[in-house]
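So the sequence shown is residues 86 to 293, counted in my numbering.
Note that beta-carbon positions come from the ideal geometry of N, C-alpha and C, so glycine has one too.
Computed from a predicted structure; not experimentally measured.
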Amino acid sequence: MSKPVVYGADYSVYVRIVRLALEEKGIDYELVPVDVFAEDGIPGWYFEHHPFGRIPAFEHEGFRLHESGAIARYVDEAFDGPALQPVEARARARTNQIAGMLDAYGYRAMVWDVAVERLEKTTPDEALIAAGLGQAATVLRVLTSLKATGPWLLGEQLTLADLHAAPIIGYFVKVDEGRKLLAEFADIQEWYARFAARPSFARTEKAD
Ligand SMILES: N[C@@H](CCC(=O)N[C@@H](CS)C(=O)NCC(=O)O)C(=O)O
Numbered sequence: 086m087s088k089p090v091v092y093g094a095d096y097s098v099y100v101r102i103v104r105l106a107l108e109e110k111g112i113d114y115e116l117v118p119v120d121v122f123a124e125d126g127i128p129g130w131y132f133e134h135h136p137f138g139r140i141p142a143f144e145h146e147g148f149r150l151h152e153s154g155a156i157a158r159y160v161d162e163a164f165d166g167p168a169l170q171p172v173e174a175r176a177r178a179r180t181n182q183i184a185g186m187l188d189a190y191g192y193r194a195m196v197w198d199v200a201v202e203r204l205e206k207t208t209p210d211e212a213l214i215a216a217g218l219g220q221a222a223t224v225l226r227v228l229t230s231l232k233a234t235g236p237w238l239l240g241e242q243l244t245l246a247d248l249h250a251a252p253i254i255g256y257f258v259k260v261d262e263g264r265k266l267l268a269e270f271a272d273i274q275e276w277y278a279r280f281a282a283r284p285s286f287a288r289t290e291k292a293d
């Protein structure tokens, strides 16, 4: 069986979600570099893989996919290794709910409006950061209320919900405001520290 291929860059939260799924399943894969923010633009050939020019894209023996949620579920279902989705309907729905909530309400606020704005801008837009922190607080509050008892978001089983949340929160805590806000949500802070200690998280860390 040939290795699956992930197209993307190590700075990307969404690429990391897919790579975490592959790492946690113990699957060898190839990372083909695609920099969507390159000065000379996205290479033309990449639009064959992702018509919207986002990362990641994925390919496995001629089967192409984009959208990290779909890719992560495919990786879980098509390969051997520990199951990353609960079998029981409500736990499975909760897993999908957490990933969907982070996509819809967490990613832009936590990664772009707070972390990227603070880290990358010469004159950060303080109003944008404040609004992003407000939204992030709601996400962290809801995540706290959805978290099951046990080490992981769904309880005893590590799932795609953990793999979806950790890279987003990992980006958020690059800045002081993110770390400070996370500290107000002890359960999620402890969960994040636990996840961040996993070898898969170290192996998918952005190279300096
Ligand atoms: N819905 C997509 C989102 C992917 C996404 O937004 N990736 C970011 C990098 S983390 C990207 O490609 N951004 C480029 C841009 O916004 O132009 C997925 O789940 O894969």
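- Contact between Thr289 and Glu108 holds: CB atoms are separated by about 6 Å, below the 8 Å threshold.
- Nearest C-alpha to Trp276 among Leu231, Pro118, Val260: Leu231.
- Taken in chain order, the whole beta strand (DSSP E) runs of length 3 or more contained in the region 131-193 are 142-145, 148-151.
- When DSSP states are grouped into helix, strand and coil, Pro252 belongs to the helix group.
- For Glu115, no alpha helix (DSSP H) run applies; the uninterrupted beta strand (DSSP E) run containing it begins and ends at 115-118, by DSSP.
- Your pair Ala194 and Gln220 checks out as a contact, with CB atoms roughly 4 Å apart and the cut at 8 Å.
- Rounded to the nearest angstrom, the gap between the Cα atoms of Asp188 and Asp95 is 19 Å.
- With a cutoff of 7 Å, Tyr190 does not count as near ligand 1, since its C-beta is closer than that to no heavy atom of the ligand.
- With the criterion CB distance below 5 Å from any heavy atom of ligand 1, the matching residues run Ser97, Val98, Tyr99, Val121, Arg139, Ile140, Glu152, Ser153 along the chain.
- For Thr180, the number of other beta carbons within 10 angstroms of its own is at least 16, and it is reported as buried.
- Looking from the CA of Gly235, the closest CA among Glu146, Asp247, Val160, Pro209 belongs to Asp247.
- The beta carbons of Ala168 and Val103 sit about 17 Å from each other, so the pair does not count as a contact at 8 Å.
- C-alpha of Leu116 to C-alpha of Ala287: approximately 16 Å in a straight line.
- Under DSSP, Val90 shares a beta bridge with Glu115, Glu144.
- Annotated as distal: Phe143 and Val98, with beta-carbon spacing of 8 Å or more.
- Taking C-alpha positions only, Arg264 is separated from Val258 by approximately 5 Å.
- For Pro284, the uninterrupted alpha helix (DSSP H) run begins and ends at 284-288, by DSSP.
- Under DSSP, Gly240 shares a beta bridge with Trp237.
- Burial of Ser285 is indicated by the presence of at least 16 other C-beta atoms within 10 angstroms of its C-beta.
- For a cut-off of 8 Å, the C-beta gap from Ala251 to Phe280 is around 5 Å, short enough to register as a contact.
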